[in-house]
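Visitor: Chain order of the listed sequences is A and B. Using UniProt numbering, the letters of the first sequence map in sequence onto residues 1 to 394. Using UniProt numbering, the letters of the second sequence map in sequence onto residues 1 to 256.
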Amino acid sequence: MSKGRFGVHGGQYIPELLMNAVIELEEAYNHFKDDPQFTAELNDLLKNYAGRPSLLYYAEKMTKDLKGAKVYLKREDLNHTGSHKINNVLGQVLLAKRMGKTRVIAETGAGQHGVATATAAALMGMECEIFMGKEDTERQALNVFRMELLGAKVHAVTSGTQTLKDAVNETMREWSKRVHDTHYVLGSVMGPHPFPTIVRDFQSIISREIKKQIIEKEGKLPDVVMACVGGGSNAIGAFYDFIGDSSVQLIGCEAAGHGVDTDKHAATMTKGTLGIFHGMKSYFCQDEYGQIAPVYSISAGLDYPGVGPEHANLRDTGRAQYVAITDDEAVGAFEYLSRTEGIIPAIESSHAVAYAMKLAPTMSKDQVIVVCLSGRGDKDVAAIARYRGVQIYE
Amino acid sequence: MNKLEQAFSSGKAFIPFITAGDPSLEITEQLVLKMAEAGADLIELGIPFSDPVAEGPVIQEADYRALSGGVTTDKIFDMVERVRKSCNVPIAFMTYANPIFSYGTEKFLRKCSDTGIDAVIVPDIPFEEKEELAPFCKEYDVKLISMIAPTSKERVRMIVEEAEGFVYCVSSMGVTGVRDEIGNDAKEMIKQVKAVKDIPCAIGFGISNPEQAAEMARFSDGVIVGSAIVKIIAQYGVECIPHVEAYVREMKSAIK
């Protein structure tokens, strides 16, 4: 079996042209991940630039309203650039710099990863190009301008379904044109090995902090940790340090779009089948001939037909459960959290909030749920207004 | 001599690529027959994939055209079966890992063997993942073609030692598509291959005109041309057959 496996999932299904690039990346990562200077520099950036540790906030009003388990929110939305994406990006761009690369490229869905990459590239003096599905450049127009403001060049991808999967295709194509000076900052726990491992390691700071913070506040581990899942980077980050703690239930919330029984969803775990795509073996939404299905979600960041291989394995082993949340439920949660706690969550994160709203009332008052609030919702305000029939454009 | 060896046995091989089902499977069937008549030594038949990451825009669009026309892997097998009634030209399938895996890898290769497919080329199955296909390729005697690229360097030995049929040398960095200039990487790569073992080397990616083909044929055993042909098909649609036939004739004579 090849490298980077999580059960049967993972691997390195990429063109020969890119093999030496991922091997070089793996070697560099293994070298630097325990290098005291590298980790000191990264920790300094995480603290003084990104603003870590992020808060673990007790959502008291939400808890009282739901009349069940205590709900805590892990405030990744308070990080610099407004989401958990910065955790991975600072690590990867720093690594790329150590590898002697001068240019970074990245895919982006909602634009959060693109913004984070453009930010880190600006900070560290790297050239930066972002690939974003044309449809996403339209629904997240503000983020496009934000990336340009940060000095990045944004390419609107017009191939295929013009969303996140096509942005990944195009970034891989671009990487195969120029590997010598370019690092592909993959934004989620997906793609060929070593990306799922590197991204998970950089994101696992979320669960390490949660564990420390919840023990300080509650004197015990949480009963449930939940997070939204597109590719799955904030979820794996929130789960990772709890995988060995069998009392902690791990729940990933994927996008059911208009419903898992319609053809408009992105519910890979609920409806997908085993396949090989984007460098990895995992679950994908696809037809019987292995053609990748066009997927749909109101959330550009969850609008992806696959899922990271470590999640696929957590599902296979039963260690984590995955549920599907519809657009309606997510928008409801978006509005609910805004009104109840004065926190506007990203529409992606709203999928996790929506499930917390369902689950908390079924649990007892001495139980604890931690919801990873992966990003802030400023970018989504116009889209939600349109969803409610108010014609606002950014 | 197996059929792949036969492809390289009469001088330099000309290897055209077309996407099955672009613009229709009926046209693809006729194209295979006519390209064989025009001197193609091996035909690369693409099974379209929704997300062909190693392809440039020309072949991407051919894949979309074919898929939106309703082509499926089963229909392609049926078409190959019809071709085989009158034509013995070596044929290799070129596709991605997922269409094979989702079809059922064993079932796919058994059908390749049953219908007379001689080889498979799968750009997203590198050496490290070849166990995904190799045991079934062996069982059903379908050659799994190995690819090497300008970035392969010290990997060439390991890849070539286990290579069979021929080695597909990716001429230059990037994805498939017509290039104005093809660097010197290919020449160097082929030297490296031949130092490992005597196996035919065909060069692909970027070759479009007779001059480039002739130049590449000087130091290789065969020339693979995809995007340039797919462009002709895109331009002429159902009327493409004589144009493709003439192109194949011209290219074949350029490398003689």
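For every residue, glycine included, the Cβ atom is placed at its ideal position computed from N, Cα and C.
Answer yes if the stretch 108-125 of chain A comes into contact with the stretch 72-90 of chain A, meaning at least three C-beta pairs across the two stretches below 8 angstroms, and no otherwise.
Guide: These segments touch.
Visitor: Contact between the stretch 198-212 of chain B and the stretch 234-245 of chain B: three or more CB pairs below 8 angstroms?
Guide: Not touching, per the Cβ criterion.
Visitor: Among A:LEU274, A:MET280, A:ASP303, A:SER299, whose alpha-carbon lies nearest the alpha-carbon of TYR289 of chain A?
Guide: Nearest of A:LEU274, A:MET280, A:ASP303, A:SER299 to TYR289 of chain A, Cα basis: A:LEU274.
Visitor: Should ALA360 of chain A and ALA59 of chain A be called a contact, given that it needs their Cβ atoms to be closer than 7 angstroms?
Guide: It is not a contact, given that the beta carbons lie outside the stated cut-off.
Visitor: Given a limit of 7 angstroms on CB to CB distance, which residues of the stretch 143-161 of chain B reach chain A?
Guide: Against chain A - using a Cβ distance shorter than 7 angstroms - the residues of the stretch 143-161 of chain B are MET147, ILE148, ALA149, THR151, SER152, LYS153, ARG155.
Visitor: Using a Cβ-Cβ cut-off of less than 8 angstroms, list which residues of the stretch 164-191 of chain B approach chain A; keep chain order.
Guide: Here the close residues are VAL170, MET173, GLY174, VAL175.
Visitor: Output yes or no for whether 7 angstroms exceeds the beta carbon distance between ILE145 of chain B and TYR168 of chain B.
Guide: It is a contact, given that the beta carbons lie within the stated cut-off.
Visitor: Establish whether the CB of GLY11 of chain A and some CB of chain C are separated by less than 7 angstroms.
Guide: Protein chains in the displayed structure are A and B, and chain C is not among them.
Visitor: Which word fits THR102 of chain A, buried or exposed, when buried means at least 16 other C-beta atoms lie within 10 angstroms of its C-beta?
Guide: Under this definition THR102 of chain A is an exposed residue.
Visitor: I'd like to know if PRO200 of chain B contacts chain A, where contact means its C-beta is closer than 7 angstroms to some C-beta of that chain.
Guide: It does not: the Cβ of PRO200 of chain B has no partner Cβ on chain A nearer than 7 angstroms.
Visitor: Please say whether GLY230 of chain A and LEU302 of chain A have beta carbons closer to each other than 7 angstroms?
Guide: In this structure, GLY230 of chain A lies closer than 7 angstroms to LEU302 of chain A by Cβ.
Visitor: Could you spell out the range, first to last residue, of the alpha helix (DSSP H) harbouring residue 402 of chain A?
Guide: One cannot answer for residue 402 of chain A here, as it falls past the ends of chain A, which runs 1 to 394.
Visitor: Whose C-beta lies closer than 6 angstroms to the C-beta of GLN367 of chain A among residues of the same chain, with five residues either side of it excluded?
Guide: Within the same chain, GLN367 of chain A has close Cβ partners ALA69, ASP223.
Visitor: So, for ALA217 of chain B: in the same chain, excluding its five sequence neighbours on each side, which residues have a beta-carbon less than 6 angstroms away from its beta-carbon?
Guide: Taken in chain order, the residues that qualify are LYS12, VAL223, ILE255.
Visitor: Whose C-beta lies closer than 6 angstroms to the C-beta of LEU94 of chain A among residues of the same chain, with five residues either side of it excluded?
Guide: So the list reads LEU42, once near-sequence residues are dropped.
Visitor: Do you know offhand how far ALA354 of chain A's Cα is from ILE148 of chain B's?
Guide: One C-alpha to the other measures close to 49 angstroms.
Visitor: Compute the beta-carbon to beta-carbon distance between PRO309 of chain A and HIS9 of chain A, rounded to the nearest angstrom, for a pair I have assumed lies under 8 angstroms.
Guide: The pair is a contact, with the Cβ atoms about 3 angstroms apart (cut-off 8 angstroms).
Visitor: Give, in chain order, every residue of the stretch 77-103 of chain B whose Cβ lies closer than 7 angstroms to some Cβ of chain A.
Guide: Residues passing the 7 angstroms Cβ filter: ALA97, ASN98, PRO99, PHE101, SER102, TYR103.
Visitor: Going by DSSP, what residues sit across from ILE105 of chain A in a beta bridge?
Guide: Answer is A:GLU129, A:TYR184, bridged to ILE105 of chain A.
Visitor: Could you have a look at GLU215 of chain B and say whether DSSP puts it in helix, strand or coil?
Guide: Helix, per DSSP.
Visitor: From this set, B:GLU215, B:GLN192, B:LEU133, which residue's C-alpha is nearest GLY183 of chain B's C-alpha?
Guide: Measuring from the Cα of GLY183 of chain B, the nearest candidate turns out to be B:GLU215.
Visitor: Does the beta-carbon of GLN391 of chain A have 16 or more other beta-carbons within 10 angstroms, so that it is buried, or is it exposed?
Guide: GLN391 of chain A comes out exposed.
Visitor: Report yes or no: is there a C-beta of chain B within less than 7 angstroms of the C-beta of MET172 of chain A?
Guide: By this cut-off, MET172 of chain A is an interface position.
Visitor: Distance check for ALA385 of chain A and VAL58 of chain B, CA to CA, integer angstroms please.
Guide: Taking the straight line joining both Cα atoms gives about 39 angstroms.
Visitor: Spatial neighbours of ALA21 of chain A within its chain, please: C-beta separation below 6 angstroms, excluding the five flanking residues on both sides.
Guide: Closer than 6 angstroms at Cβ, skipping near neighbours: VAL179.
Visitor: On a CA-only basis, which of B:SER50, B:VAL83, B:GLU131, B:ILE91 is nearest ASN98 of chain B? Give me that one, please.
Guide: Residue B:SER50 is the option with its Cα nearest to ASN98 of chain B.
Visitor: With C-beta atoms as the reference, is VAL89 of chain B less than 7 angstroms away from ALA36 of chain B?
Guide: Yes, the pair counts as a contact, with Cβ atoms nearer than the cut-off.
Visitor: Closest Cβ-Cβ distance between PHE277 of chain A and chain B: below 7 angstroms?
Guide: Chain B, which has a Cβ nearer than 7 angstroms to the Cβ of PHE277 of chain A, makes this yes.
Visitor: GLU55 of chain B lies in the beta strand (DSSP E); which residues open and close that run?
Guide: Premise fails: GLU55 of chain B is in no beta strand (DSSP E) and is neither H nor E.
Visitor: What is the C-beta distance between ALA92 of chain B and ASP118 of chain B, in whole angstroms, given that I count them as a contact (C-beta under 8 angstroms)?
Guide: Right, their Cβ atoms sit about 6 angstroms apart.
Visitor: Applying the criterion that 16 or more other CB atoms from any shown protein chain within 10 Å of the CB defines a buried residue, is GLY187 of chain A buried or exposed?
Guide: Counting Cβ neighbours within 10 Å, GLY187 of chain A comes out buried, since at least 16 surround it.
Visitor: What residues in its chain sit with their C-beta under 7 angstroms from that of MET190 of chain A, if we drop five residues either side in the sequence?
Guide: Same-chain partners within the cutoff: PRO196, GLY231, HIS278, MET280, GLY306, GLY308.
Visitor: Within the 7 angstroms Cβ cut-off, does GLU135 of chain A reach chain B?
Guide: Cβ-Cβ to chain B under 7 angstroms: no for GLU135 of chain A.
Visitor: Assign ILE344 of chain A to one of three DSSP states: helix, strand, or coil.
Guide: ILE344 of chain A: coil per DSSP, three-state reduction.
Visitor: Just the Cα atoms here: how many angstroms apart are ILE27 of chain B and CYS87 of chain B?
Guide: Taking the straight line joining both Cα atoms gives about 15 angstroms.
Visitor: My understanding is that ILE190 of chain B touches PHE219 of chain B, with C-beta atoms under 8 angstroms, so please give their C-beta distance in whole angstroms.
Guide: Rounded, the Cβ-Cβ distance is 6 angstroms, consistent with contact.
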